[in-house]
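In the working numbering, the protein residues as written are 7 to 325.
By construction, the Cβ of each residue, glycine as well, lies at the ideal position given by its N, Cα and C atoms.
Model, not experiment: these values are computed from the prediction.
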Ligand code: NAD
């Protein structure tokens, strides 16, 4: 049967950003500069990390960016490895493939990465700016803050899908939109819900336990988002918050989880950032207006974009 909507692949969205990055790298090289160097740190045996690392390497190569994967048999040496890269002028960007220890020690390691080289945007300063809707690193507003790359990728996807409305003032471009985000991890779901609410959306944040509402209040009266607990995560409450959602975003890390198709309003946009398919493909395509089944390629584009922004900030500071 004829499908009412369209499936949009991350590769077509990433392409736009990758072309822009390629042009900027070529301009650096034309000015006699060396190629930027991104270093990946791998200290686990997770095949997903390895795949992601290979993908990142290939993407870098196609853009004229150098990429080096540093593997650690013994994860106990990773911290020294990161510190050495922090102090090495030849290294422009650092990323660590998590999980390493799979517990709170991973958050410690994340904060060891120099904030000037943190391409994933996981430094506490960047999170704090995001949560407080602060978009600059300095009072003079010369140095743009960095955003965590997966939440940023989802925002760029929403811009591409024209859900962000460019006719509205910057910072309010999601005014009037309702979003549901199924995942509230500190890496993706919570910062994403905050970003969307900071841009004016009403965002329902769903985790395994409960559902929260992130908003800037009536008439967007607050400068940053505030959070309200709505109650335990139950099928009834989930269905209710989905009732007139414009966007449903999923990120549940499980092969068994499927978002109930019957809760998707006809014509909503659906985006899945989990490495597992959280929507039932054939069903969602008959219901969604726009469906983005995976987002990883846009995330890689965003981390490379972050790397160039960090380099720009460093240059402005050196002037
Ligand atoms: P996580 O385990 O830290 O968090 C999972 C979140 O999902 C938690 O908030 C949990 O409460 C929630 N959840 C689990 N089961 C649920 C359910 N039945 N209903 C509602 N919520 C539920 O994982 P993470 O680091 O946020 O990663 C999530 C997924 O996203 C993974 O598959 C990961 O590979 C993927 N990921 C993708 C990208 C990308 O660029 N596409 C980047 C990072 C992570």
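Could you say which of 302, 136 and 298 lies nearest to residue 166 if we only look at CA atoms? Here residue 166 refers to the residue found at position 160 of the chain shown. If you compare the alpha carbons of 302, 136 and 298 with that of residue 166, the shortest gap goes to 298.
Endpoints, alpha helix (DSSP H) assigned at residue 313: As a first step, residue 313 must be located in the chain shown, where it is residue number 307. Element bounds for residue 313: 302-324.
Taking 7 Å as the limit between beta carbons, can you name the residues of its chain near residue 55, skipping five residues before and five after? In the chain shown, the residue the question calls residue 55 occupies position 49. Once the five neighbours on either side are set aside, the close Cβ partners of residue 55 are 48 and 103.
Count the other CB atoms, across all protein chains shown, that sit within 10 Å of the CB of residue 311; report buried if there are 16 or more and exposed otherwise. Counted from its first residue, the chain shown places residue 311 at position 305. When all chains shown are included, residue 311 counts as buried.
Can you name the residues that DSSP bridges to residue 84? The residue labelled residue 84 in the question sits at position 78 within the chain shown. Partner(s): none; residue 84 has no beta bridge.
Please state if the CB of residue 75 and the CB of residue 91 are separated by a distance shorter than 8 Å. Indexing the chain shown from 1 puts residue 91 at position 85. Indexing the chain shown from 1 puts residue 75 at position 69. Result no, Cβ atoms of residue 91 and residue 75 do not sit closer than 8 Å.
By the 10 Å Cβ neighbour count, where 16 or more other Cβ atoms means buried, how is residue 173 classified, buried or exposed? Within the chain shown, numbered from 1, the residue matching residue 173 stands at position 167. Per the 10 Å Cβ criterion, exposed.
Looking at residue 127: is its Cβ nearer than 8 Å to the Cβ of residue 105? For this step, residue 127 is matched to residue 121 along the chain shown. For this step, residue 105 is matched to residue 99 along the chain shown. With contacts defined as CB atoms closer than 8 Å, residue 127 and residue 105 fail to qualify as a contacting pair.
Taking Cβ to Cβ, would you say residue 263 is nearer than 8 Å to residue 197? In the chain shown, the residue the question calls residue 263 occupies position 257. In the chain shown, the residue the question calls residue 197 occupies position 191. No, they are not a contact pair.
Heavy atom of the ligand NAD less than 7 Å from the Cβ of residue 156, yes or no? The residue labelled residue 156 in the question sits at position 150 within the chain shown. At least one heavy atom of the ligand NAD lies less than 7 Å from the C-beta of residue 156.
Enumerate, from N- to C-terminal direction, the unbroken alpha helix (DSSP H) stretches of 4 or more residues contained entirely within the segment 140-185. Counting whole runs of 4 or more residues, the segment 140-185 contains the alpha helix (DSSP H) stretches 155-166.
Nonlocal neighbours in the same chain, by C-beta distance under 7 Å from residue 157, ignoring five residues either side: Within the chain shown, the letter at position 151 stands for residue 157. Here residue 157 has 194, 197, 198 and 201 as same chain residues with Cβ atoms under 7 Å from its own Cβ, once five neighbours each way along the sequence are excluded.
Under a criterion of Cβ closer than 7 Å to any non-hydrogen atom of the ligand NAD, which residues qualify, in chain order? Here the residues come out as 54, 156, 159, 188, 189, 190, 191, 193, 194, 195, 212, 213, 214, 215, 239, 257, 258, 259, 260, 263, 279, 280, 281, 282, 300, 301, 302 and 305.
Which residues in the same chain as residue 16 place their Cβ atom closer than 6 Å to its Cβ, once the five residues preceding and following it in sequence are excluded? On the chain shown, residue 16 is found 10 positions in, with the first residue counted as 1. Excluding positions up to five away in sequence, the list reads 300, 301, 303 and 304.
If you draw a straight line from the alpha carbon of residue 117 to that of residue 164, how long is it in whole angstroms? For the purposes of this step, residue 117 is taken as residue 111 along the chain shown, with counting starting at 1. For the purposes of this step, residue 164 is taken as residue 158 along the chain shown, with counting starting at 1. Approximately 29 Å between the Cα atoms of the pair.
With 16 as the cutoff for other CB atoms within 10 Å, does residue 280 come out buried or exposed? Taking the first residue of the chain shown as position 1, residue 280 is located at position 274. When all chains shown are included, residue 280 counts as buried.
Given a cut-off of 8 Å, decide if residue 100 and residue 119 are closer than it, judged by their beta-carbon atoms. The sequence position of residue 119 within the chain shown is 113, counting from 1. The sequence position of residue 100 within the chain shown is 94, counting from 1. Cβ atoms of residue 119 and residue 100: closer than 8 Å.
Between the alpha carbons of residue 183 and residue 212, how many angstroms are there, rounded? Position 177 of the chain shown, counted from the first residue, corresponds to residue 183. Position 206 of the chain shown, counted from the first residue, corresponds to residue 212. Distance from the CA of residue 183 to the CA of residue 212, rounded to the nearest whole angstrom, comes to 17 Å.
When you compare each of 203, 191, 94 and 232 to residue 215 by their alpha carbons, which one comes out closest? Residue 215 sits at position 209 when you count from the first residue of the chain shown. If you compare the alpha carbons of 203, 191, 94 and 232 with that of residue 215, the shortest gap goes to 191.
Since residue 275 is in the beta strand (DSSP E), which residue starts that stretch and which ends it? One-based indexing of the chain shown puts residue 275 at position 269. Counting along the chain, the beta strand (DSSP E) containing residue 275 begins and ends at 275-278.
DSSP three-state call for residue 296: helix, strand or coil? As a first step, residue 296 must be located in the chain shown, where it is residue number 290. Strand at residue 296.
Identify, in the order they occur along the chain, each residue of the same chain with its Cβ nearer than 7 Å to the Cβ of residue 309, setting aside the five sequence neighbours on each side. Walking along the chain shown from the start, residue 309 turns up at place 303. Correct list, in chain order: 101, 125, 126 and 155.
Is the CB-CB distance between residue 274 and residue 255 below 8 Å? The residue labelled residue 274 in the question sits at position 268 within the chain shown. The residue labelled residue 255 in the question sits at position 249 within the chain shown. It is not a contact, given that the beta carbons lie outside the stated cut-off.
Coil, strand or helix - residue 21 by DSSP: Against the chain shown, residue 21 aligns to sequence position 15. It is helical.
Please tell me whether residue 204 and residue 257 are closer than 8 Å, where the distance is taken between their beta carbons. Residue numbering aside, residue 204 sits at position 198 when the chain shown is read from its first letter. Residue numbering aside, residue 257 sits at position 251 when the chain shown is read from its first letter. No, Cβ-Cβ distance for residue 204 and residue 257 is not below 8 Å.
Around the Cβ of residue 109, are there at least 16 other Cβ atoms within 10 angstroms (buried) or fewer (exposed)? Against the chain shown, residue 109 aligns to sequence position 103. Here residue 109 is exposed: its Cβ has fewer than 16 other Cβ atoms, across all protein chains shown, within 10 Å.
Bridge partners for residue 234 per DSSP, in chain order? Mapped onto the chain shown, residue 234 falls at position 228. In the DSSP assignment, the residues bridged to residue 234 are 219.
Close beta carbons around residue 129, own chain, < 6 Å, minus the five adjacent residues each side: For the purposes of this step, residue 129 is identified with residue 123 of the chain shown, where counting begins at 1. Same-chain partners within the cutoff: 121.
Could you check if residue 324 is buried or exposed, using at least 16 other CB atoms within 10 Å of its CB as the buried criterion? Residue numbering aside, residue 324 sits at position 318 when the chain shown is read from its first letter. Around the C-beta of residue 324, fewer than 16 other C-beta atoms lie within 10 Å, and the residue is accordingly described as exposed.
Rounded to whole angstroms, what is the Cα-Cα separation between residue 282 and residue 246? The residue given as residue 282 occupies position 276 in the chain shown. The residue given as residue 246 occupies position 240 in the chain shown. Their Cα atoms are separated by approximately 25 Å.
Would you say residue 209 touches the ligand SAH, meaning its beta carbon is less than 7 Å from a heavy atom? Judged by which ligands are present, the ligand SAH is missing from the structure shown, whose ligands are the ligand NAD.
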